[in-house]
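Everything in the sequence shown is counted per the UniProt record's numbering, starting at 1 for the first residue and increasing by one. Notes to accompany the following structure.
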Amino acid sequence: MISNNELCDISVEVATDYVDEQSEPDIGRYVFAYTITIANKGGVAARLLSRHWVITDANGKVQEVNGDGVVGEQPHLNPGESFRYSSGAVLETPVGAMQGRYRMKADNGTDFYAPIPPFTLAVPGVLH
Numbered sequence: 001m002i003s004n005n006e007l008c009d010i011s012v013e014v015a016t017d018y019v020d021e022q023s024e025p026d027i028g029r030y031v032f033a034y035t036i037t038i039a040n041k042g043g044v045a046a047r048l049l050s051r052h053w054v055i056t057d058a059n060g061k062v063q064e065v066n067g068d069g070v071v072g073e074q075p076h077l078n079p080g081e082s083f084r085y086s087s088g089a090v091l092e093t094p095v096g097a098m099q100g101r102y103r104m105k106a107d108n109g110t111d112f113y114a115p116i117p118p119f120t121l122a123v124p125g126v127l128h
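Structure follows, in structure tokens:
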């Protein structure tokens, strides 16, 4: 298994939102939504096979999530194509972080990982 290279270049961008109406801070329930855009910037088409997330809250509690595909799909991305989806996470603290990787298989048979860079989940106004 290799990481991204010139032929297999997958970029991952993330936007996050705090979901106030589903959160219950009094009982330590903070709900966050995130939207991921996965883009194939390489020269070979590839399919997203699985995901691995590491979710850490401000207390240092770590949750690991593994699964096939994303939101019930295993998107196939030709060079220049992108795929966007939204999902969510529930934390016990108003601040946390997520990071991970997607396991990909290029049409040329190469298995590789596309890293998901760390990003912050935070209730608005909690961080400066």
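Ideal Cβ positions, reconstructed from N, Cα and C, are used throughout, including at glycine.
Distance from the Cα of SER50 is smallest, within the candidate group GLY42, ILE38, GLY43, GLY67, for GLY67. Boundaries of the beta strand (DSSP E) harbouring ARG84: 82-91, taken from the DSSP string. Scanning its chain for C-beta atoms nearer than 8 angstroms, with the 5 sequence neighbours on each side dropped, one finds around MET104 the residues CYS8, ILE10, ALA46, ARG47, LEU48, LEU49, ASP111, PHE112, TYR113, ALA114, in chain order.
When the alpha-carbon of ASN108 is set against those of PHE119, GLY42, GLN22, ALA122, the nearest one is in GLY42.
A straight line joining the alpha-carbon of VAL44 with that of GLU24 spans about 45 angstroms. In this structure the stretch 25-42 lies against the stretch 71-83, because at least three pairs of beta carbons, one per stretch, are closer than 8 angstroms. Counting only the Cα atoms, LEU77 lies some 37 angstroms from GLY125. Beta-carbon to beta-carbon, PRO117 and VAL12 are separated by about 7 angstroms, close enough to satisfy the 8 angstroms threshold. When DSSP reads this structure, SER11 sits in a beta bridge with ALA39. Taking a 10 Å sphere around the C-beta of ARG29, we find fewer than 16 other C-beta atoms and assign the residue as exposed. DSSP places PRO117 in the strand class (E or B) of the three-state scheme.
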